Every structure is written in C-alpha cells, then in structure tokens.
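Take 1 as the starting number for the sequence shown in the UniProt record's numbering and just add one per residue. The beta carbon of each residue, even a glycine, is placed where N, CA and C say it ideally should be. Predicted model, so just to flag it, every value in this text is computed and none were measured.
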Amino acid sequence: MTDFLLNYIAEHQTSWRVQPQVLAGEGFQDCIILVFGQPRTAVFAHIDSIGFTVRYGQELVRIGGPRAETGYRLVGQDAQGAIDCTLTVDARTGELGYEFIRPIERGTELTFYCDFRETDTTVQSCYLDNRLGVWNALRLAETLEHGIIAFSCWEEHGGGSVAYLAKYIYENYGVRQALISDITWVTEGVYPGQGVVISLRDSLIPRRAYVDKIRRIAHESGIPYQLEVEGSGGSDAKELQHGAQPWDWCFIGAPEDHVHSPDEIVDKQDIASMLALYQVLMQKL
1 MTDFLLNYIA
11 EHQTSWRVQP
21 QVLAGEGFQD
31 CIILVFGQPR
41 TAVFAHIDSI
51 GFTVRYGQEL
61 VRIGGPRAET
71 GYRLVGQDAQ
81 GAIDCTLTVD
91 ARTGELGYEF
101 IRPIERGTEL
111 TFYCDFRETD
121 TTVQSCYLDN
131 RLGVWNALRL
141 AETLEHGIIA
151 FSCWEEHGGG
161 SVAYLAKYIY
171 ENYGVRQALI
181 SDITWVTEGV
191 YPGQGVVISL
201 RDSLIPRRAY
211 VDKIRRIAHE
221 SGIPYQLEVE
231 GSGGSDAKEL
241 QHGAQPWDWC
251 FIGAPEDHVH
261 SPDEIVDKQD
271 IASMLALYQV
281 LMQKL
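Rendered as structure tokens:
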C-alpha cells in the first residue's frame with residue numbers, strides 16, 4: 001500500500017490544485033504525510049488490513065478482527081511462491097486453519113481474496129475499510145489548498161503510528177484538529193444511502209465544541225449526513241485522544257454492511273457525500 005500510494009502521488013500530483021510536500025521513508029516507517037499550503041486541519045486514513053498470520057502446522061491467528069467462515073478464499077505469498085488457499089473454522093473449538101496443497105511458511109500473512117463488485121448504486125469488496133477512506137483522501141488531495149493528509153498504519157490491530165505522526169504534525173505545523181477518514185458500520189440507527197456518518201462517539205468521546213462546529217458546517221452545506229452514537233469501537237482517533245498534544249478529532253465516514261468480511265458493501269451516495277463533506281470541512285474548519 002505504501003509503494004502504491006507513493007507511486008500514485010508521484011504520477012498524479014501534477015494535476016492537483018496544490019503540489020504537496022511528501023514526507024515518507026526514514027522516521028515514518030510505512031506511513032506517508034502530505035502537506036498542502038498552510039495547514040489548519042489533518043486528515044488521517046489508515047492503510048493497513050485485517051487478515052491472518054500462519055502460526056504452526058495449519059493454524060492461523062487473526063490480524064485485527066476479520067470475520068471467519070469456512071470456505072473464505074485467502075491469498076498471500078511466501079518464499080515458495082503465491083498462495084491461494086481456503087480458510088477453515090473448526091466447528092467444535094472455533095480454531096482457525098487453512099487448506100492448501102502444501103504447508104505455508106510460519107509468519108506468512110494471508111488476506112481475503114479480492115472480488116470487486118460494482119452496481120449502479122453500490123460497490124462491494126473486501127477491505128473497503130479502509131480502502132475507501134484512502135480513496136476519499138486521495139480525491140480530497142486533488143482540490144485541497146491547505147491541509148495535511150496522513151496515511152497511517154496498524155489501526156486494525158492496536159495502532160502505534162498515529163502517536164508519532166500527530167507529534168510530528170503538531171510540532172512542525174502547529175496543527176491540532178483532525179478528521180478521521182475511515183469507514184463505519186450500518187447499524188440499527190445508521191442506514192445505507194442516507195449520507196456520510198458524523199460520529200458523536202464510539203468507545204471514546206470527542207470534544208463537544210469541535211464536533212458541534214463540524215455539525216454546524218455540515219448542516220449549512222446541505223450535504224446529506226447521519227449522526228452515529230456508539231458505546232464501543234475505535235479508530236486512529238484513540239491515539240490522538242491519548243496523546244500528549246491537545247488534538248481535537250471527529251470520525252467522519254460512509255457506513256458499510258458485512259463488516260470485516262470479503263463482502264463489505266457501501267452505497268455510492270454515501271461515498272459521494274463523504275467526499276463532498278470533507279471538501280467543505282477542509283475549507284471551513
């Protein structure tokens with residue numbers, strides 16, 4: 001993903017309204033920071049994936065919280081070559097394993113096979129969480145005049161990169177307000193096709209004054225949006241809230257169904273409203 005993004009940025013940035021400073025490599029691990037103009041707000045989008053690690057024998061260990069059902073197609077690569085295997089779930093113990101024509105080397109990472117499907121109204125694939133958040137950030141970059149886009153790592157299994165990205169951004173640019181470009185869930189109170197979701201809280205609670213300001217801007221824009229209230233879950237925001245710098249943050253993203261499976265699905269209207277709201281917020285925050 002890091003190589004893909006660096007190549008994409010190099011190829012496309014000449015057509016963007018503002019040419020960003022690209023920060024990557026030594027000191028940033030696999031993360032990337034794009035700095036546009038005189039930034040006031042940073043957008044964080046994580047580029048890591050859920051999946052599985054090969055343990056011993058034919059055992060698998062989860063990376064993050066993937067849904068696991070016998071028959072899911074998994075892909076990867078080890079020193080012996082490409083891997084295209086089948087996930088197995090023991091009906092009695094729930095232990096995870098794989099079926100393949102040969103043993104897979106321990107430590108190999110396996111991800112869902114990508115079967116991208118598109119209709120007039122939806123897109124469906126594995127890893128829309130958070131490929132869509134990354135897509136949103138890249139489309140935002142096309143017209144962004146002032147702001148920072150940070151592509152972070154490890155959000156799906158505990159975090160660790162946003163802490164040093166936030167410290168660097170705060171100390172070098174004085175930016176201390178953030179939007180989290182990620183994908184949320186369809187629930188009993190959040191519906192597909194009714195607009196991007198502004199999250200009022202998950203397991204953490206953002207500062208009310210900042211979220212209220214975002215809500216006012218969203219209301220005045222006329223862009224369709226929904227409000228989310230949850231008591232669990234989290235995002236890159238957790239490292240901002242737990243950090244030493246006074247960051248404000250708000251999670252804003254399209255809702256998806258069939259979460260953390262090969263069949264994640266998002267309504268195109270929600271994707272469009274997500275990008276539109278980010279474009280407005282980055283101008284007015």
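Query	Result
Of the choices SER181, ARG73 and GLU156, whose alpha-carbon is the least far from that of TRP249?	SER181
Taking just the CA atoms, how far does GLY76 sit from ALA276?	35 Å
Assign ILE271 to one of three DSSP states: helix, strand, or coil.	helix
Would THR108 and VAL54 qualify as a contact pair, given that the criterion is a beta-carbon distance under 7 Å?	yes
Start and end of the alpha helix (DSSP H) containing ARG139?	128 to 143
To the nearest angstrom, how far is it from the Cα of ARG17 to the Cα of HIS242?	34 Å
Assign ARG102 to buried or exposed, taking buried as 16 or more other Cβ atoms, counted over all protein chains shown, within 10 Å of its Cβ.	exposed
Could you check if GLN80 is buried or exposed, using at least 16 other CB atoms within 10 Å of its CB as the buried criterion?	exposed
For a minimum of 4 consecutive residues, which ranges assigned as the alpha helix (DSSP H) are wholly contained in the segment 226 to 250?	237 to 241
Decide yes or no for the touch test of the segment 257 to 267 against the segment 217 to 231: beta carbon pairs closer than 8 Å, at least 3 of them.	no
Leaving out five residues on either side along the sequence, give the residues of the same chain with a beta carbon under 7 Å from the beta carbon of LEU128.	ILE183, GLU256, GLU264 and VAL266
Would you tell me roughly how many angstroms separate the C-alpha atoms of residue 286 and GLY233, rounded to the nearest one?	Here the chain has residues from 1 to 285 only, and residue 286 is not among them.
In angstroms with no decimal places, state the Cα-to-Cα distance between ARG215 and PHE251.	12 Å
Would you mind giving the Cβ-Cβ distance between GLY193 and ASP270, rounded to the nearest angstrom? I have them listed as a contact below 8 Å.	7 Å
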